[in-house]
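First the structure, in the form of structure tokens, and then the observations on it.
Number of protein chains: 2
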Amino acid sequence: MDEYLPVFRECTLFAGMNESDISSMLKCLGARASSFEKNSFVFMAGDPAASMGVVLSGGVHVVQEDFWGNRSIVTHVPRGGIFGEAFACAEETVYPVSAVASERSTVMRVDCGRIIKTCTTACGFHSRLIRNLLTTIAGKNVMLTQHLEHVTRHGTREKLMAYLSSQARAAGSGSFVIPFNRQELADYISADRSAMSNELCKMRDEGILRFRKNHFELL
Amino acid sequence: MDEYLPVFRECTLFAGMNESDISSMLKCLGARASSFEKNSFVFMAGDPAASMGVVLSGGVHVVQEDFWGNRSIVTHVPRGGIFGEAFACAEETVYPVSAVASERSTVMRVDCGRIIKTCTTACGFHSRLIRNLLTTIAGKNVMLTQHLEHVTRHGTREKLMAYLSSQARAAGSGSFVIPFNRQELADYISADRSAMSNELCKMRDEGILRFRKNHFELL
DNA sequence: CATAATCTGTTGTAATTACAACGGGGATGA
DNA sequence: TCATCCCCGTTGTAATTACAACAGATTATG
Numbered sequence: 015m016d017e018y019l020p021v022f023r024e025c026t027l028f029a030g031m032n033e034s035d036i037s038s039m040l041k042c043l044g045a046r047a048s049s050f051e052k053n054s055f056v057f058m059a060g061d062p063a064a065s066m067g068v069v070l071s072g073g074v075h076v077v078q079e080d081f082w083g084n085r086s087i088v089t090h091v092p093r094g095g096i097f098g099e100a101f102a103c104a105e106e107t108v109y110p111v112s113a114v115a116s117e118r119s120t121v122m123r124v125d126c127g128r129i130i131k132t133c134t135t136a137c138g139f140h141s142r143l144i145r146n147l148l149t150t151i152a153g154k155n156v157m158l159t160q161h162l163e164h165v166t167r168h169g170t171r172e173k174l175m176a177y178l179s180s181q182a183r184a185a186g187s188g189s190f191v192i193p194f195n196r197q198e199l200a201d202y203i204s205a206d207r208s209a210m211s212n213e214l215c216k217m218r219d220e221g222i223l224r225f226r227k228n229h230f231e232l233l
Numbered sequence: 015m016d017e018y019l020p021v022f023r024e025c026t027l028f029a030g031m032n033e034s035d036i037s038s039m040l041k042c043l044g045a046r047a048s049s050f051e052k053n054s055f056v057f058m059a060g061d062p063a064a065s066m067g068v069v070l071s072g073g074v075h076v077v078q079e080d081f082w083g084n085r086s087i088v089t090h091v092p093r094g095g096i097f098g099e100a101f102a103c104a105e106e107t108v109y110p111v112s113a114v115a116s117e118r119s120t121v122m123r124v125d126c127g128r129i130i131k132t133c134t135t136a137c138g139f140h141s142r143l144i145r146n147l148l149t150t151i152a153g154k155n156v157m158l159t160q161h162l163e164h165v166t167r168h169g170t171r172e173k174l175m176a177y178l179s180s181q182a183r184a185a186g187s188g189s190f191v192i193p194f195n196r197q198e199l200a201d202y203i204s205a206d207r208s209a210m211s212n213e214l215c216k217m218r219d220e221g222i223l224r225f226r227k228n229h230f231e232l233l
């Protein structure tokens, strides 16, 4: 397991811990790493939701299948990312989604009960681990709330204004750089790229914003 | 503060605790209740995000204002509900939203740092409190993820199928009752009521589902 | 029971959006 | 330098959705 220590250092779950702390903690938690072939299931929808996963190598797709069998990708989890933690930490009894290796991957699974319920005095960094878990989930929560805020607006222009406003707020300025190209931005706000591009230019012509590539300025 | 003990028993944050535990814990946390007139701010966007709120009486609107000053309501928090906890628990430094009393209200504010960072051996139920906080945020996380899944689908029919599928999964059956009327369902999936109603009937005529009022059956 | 109020389905029209196709940069690499 | 690829804007058309208005059904209320 120690071969993956560089990965753990990138993982928000272990923020503020050094390698020896992490190493001893993983033993304490009974964490086990397993390998998965491409397209094999790490867990399936309907399995008891007891553990969270940490991607040590490769990547994992979180997928959902609807009543009629249509499959869609919810998220992709890259190396160093965690998944399933919200279901395991909530009162959910089973996973409502499946996790599939998008390529040959190594995944570490940690029983969430061991993190939460164990006496927190057992090892020195256990409380830090819980805090990290809480911070990580809370951070995702904030991002999800914002995303929902942007997507639920009616009309392409309203979506853009909501998204750009939040970026300006985060930057503390009306002038900022976004982390998306046009196609990615369109996917994010759930709109068509060309329609969005069109709307952006209309807004520019009306004088409510300026942009050049990924740099935007609200007026 | 003890006059609000009945409210605390409904609050997920204090699940599994009895009234005397809650009472002593609130002292330990240094929680303070304050009154707010209708339309007065509990906190404003830009304030340092240190504490979470618990609505003891009345209700609170979480509102967001965009770059051009357009205000929109993100959520309404009723009596017994908590708000601001995700921002305070995440690494956010300031609130990106404001909280406004929707009527004359009483709100208890708890410093999140006191919950998370204090030595967990300080009082017996502190670890339970942290677990409740984690469970609550994780639960919201699951709901947000699902909602996003439903809203981002393109087309009214696809949204309906995604939502109804998730309800069927939750019920463990293709036959279930939804907690929305038509208007609420339309708001939830971010669509027009009449267009949605139309689409539902088309789907019924095509034989992929049946419904009567709030009872649905997928085929 | 009668009346009002609300919810739901239906229709037609206007507005918006998705889709496809294309051309102009700008970056990349041989 | 030239060729290639990718990103972005633009346009026209087809499809979808929003909006408004209305009628039947259901529920609430006195």
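If you read the protein sequences in the order shown, they are chains A and B. Using this note's numbering, you'd call the opening residue of the first sequence number 15 and step up by one each time. Using this note's numbering, you'd call the opening residue of the second sequence number 15 and step up by one each time. Think of the CB as a built atom: it goes at the ideal place given N, C-alpha and C, for glycine as much as any other residue.
query = Taking the continuous beta strand (DSSP E) assigned at S49/B, which residues delimit it?
reply = S49/B -> beta strand (DSSP E) spans 46 to 50.
key: is_contact[P110/B, chain A] using C-beta, thresh 8 Å   = yes
query = Is the CB of N32/B under 8 Å away from at least one CB in chain A?
reply = no
message = Once the 5 residues before and after G83/A are set aside, which same chain residues still bring their CB inside 6 Å of it?
response = Around G83/A, the same chain offers no residue with a beta carbon nearer than 6 Å, after the five sequence neighbours per side are excluded.
ask   = Any idea what DSSP makes of I192/A, helix, strand or coil?
value = coil
message = Please tell me whether T120/A and G153/A are closer than 8 Å, where the distance is taken between their beta carbons.
response = No, Cβ-Cβ distance for T120/A and G153/A is not below 8 Å.
ask   = For H90/A, which beta-bridge partners are listed by DSSP?
value = BP columns for H90/A point to H75/A.
message = From the DSSP secondary-structure annotation, give me the bridge partner or partners of I96/A.
response = V68/A
key: Proximity test, Cβ basis, 8 Å: K227/B and chain A   = Judged by the 8 Å Cβ criterion, K227/B is not in contact with chain A.
request  = Would you check if the distance between the CB atom of A113/A and the CB atom of V165/A is smaller than 8 Å?
outcome  = For A113/A and V165/A, no; Cβs fall outside 8 Å.
query = In angstroms, rounded to a whole number, what distance separates the CA positions of K173/B and A200/B?
reply = Roughly 10 Å separates the two Cα atoms.
ask   = CA-CA distance, L148/A and L148/B?
value = C-alpha of L148/A to C-alpha of L148/B: approximately 6 Å in a straight line.
Check whether S204/B and E231/B have beta carbons under 8 Å apart = no
message = Going by DSSP in three states, T266/A sits in which element: helix, strand or coil?
response = Outside the shown range of chain A, which is 15 to 233, sits residue 266/A, and nothing can be said about it.
ask   = Exposed or buried, which one is Q197/B when buried takes at least 16 other CB atoms within 10 Å?
value = By the neighbour-count definition (other C-beta atoms within 10 Å, threshold 16), Q197/B is an exposed residue.
Cα-Cα separation between R118/B and S54/B, rounded to whole angstroms = 9 Å
inquiry  = Among G169/B, R85/B, N146/B, D219/B, whose alpha-carbon lies nearest the alpha-carbon of V111/B?
reply    = R85/B
key: Three-state secondary structure (DSSP) of S37/B   = helix
query = Would you call the CB atoms of E79/A and A59/A closer than 8 Å?
reply = Note that the C-beta distance between E79/A and A59/A is below 8 Å.
request  = May I have the straight-line CA-CA distance separating M210/A from K216/A, to the nearest angstrom?
outcome  = Per the coordinates, the alpha-carbon of M210/A lies some 10 Å from the alpha-carbon of K216/A.
message = Just checking G169/A against the ligand MG - is the residue's beta carbon closer than 7 Å to any of the ligand's heavy atoms?
response = Within the structure as shown, the ligand MG is missing, as the structure has no ligands at all.
request  = Mind reading off the beta-carbon distance from I96/A to C25/A? Whole number of angstroms is fine, and I expect it under 8 Å.
outcome  = Contact check for I96/A and C25/A: beta-carbon distance about 7 Å, within the 8 Å limit, so the pair qualifies.
request  = Flag this pair as yes or no: are the beta carbons of T89/A and V108/A separated by less than 8 Å?
outcome  = The Cβ atoms of T89/A and V108/A lie no closer than 8 Å to each other.
ask   = Taking Cβ positions only, does T159/A come closer than 8 Å to chain B?
value = For T159/A, the answer is yes, since a Cβ of chain B falls inside 8 Å of its Cβ.
key: Three-state secondary structure (DSSP) of E231/A   = strand
message = On a Cα-Cα basis, can you pick out the residue from N212/A, A45/A, M39/A that is closest to D125/A?
response = A45/A
key: Secondary structure of P20/B, DSSP reduced to three states   = Helix at P20/B.
ask   = Closer than 8 Å, CB to CB, is K52/A near chain B or not?
value = no
ask   = Taking Cβ-Cβ distances shorter than 7 Å, what residues in chain A pair up with T166/B?
value = V165, S204
task = Quick one: measure Cβ to Cβ for F81/B and A182/A, integer angstroms, because I've assumed they're closer than 8 Å.
result = 5 Å
inquiry  = Would E106/B pass as an interface residue toward chain A - the criterion being a Cβ-Cβ separation below 8 Å?
reply    = yes
query = Between which two residues does the alpha helix (DSSP H) carrying L214/B extend?
reply = Following the DSSP letters along the chain, one finds L214/B inside the alpha helix (DSSP H) bounded by residues 207 to 219.
query = How many whole angstroms separate the CB atoms of G127/B and G98/B, which I take to be in contact at a CB cut-off of 8 Å?
reply = At roughly 13 Å, the Cβ-Cβ gap does not stay under 8 Å, so G127/B and G98/B are not in contact.
D61/A (DSSP reduced to helix, strand or coil) = coil
Run of the alpha helix (DSSP H) containing T107/A, from where it starts to where it stops = Unbroken run through T107/A: none, as it is neither H nor E.
task = Count the other C-beta atoms from every protein chain shown that fall within 10 angstroms of the C-beta of V191/A, then say buried if there are 16 or more, exposed otherwise.
result = Counting other Cβ atoms within 10 Å of its Cβ, V191/A stays below 16 and is therefore classed as exposed.
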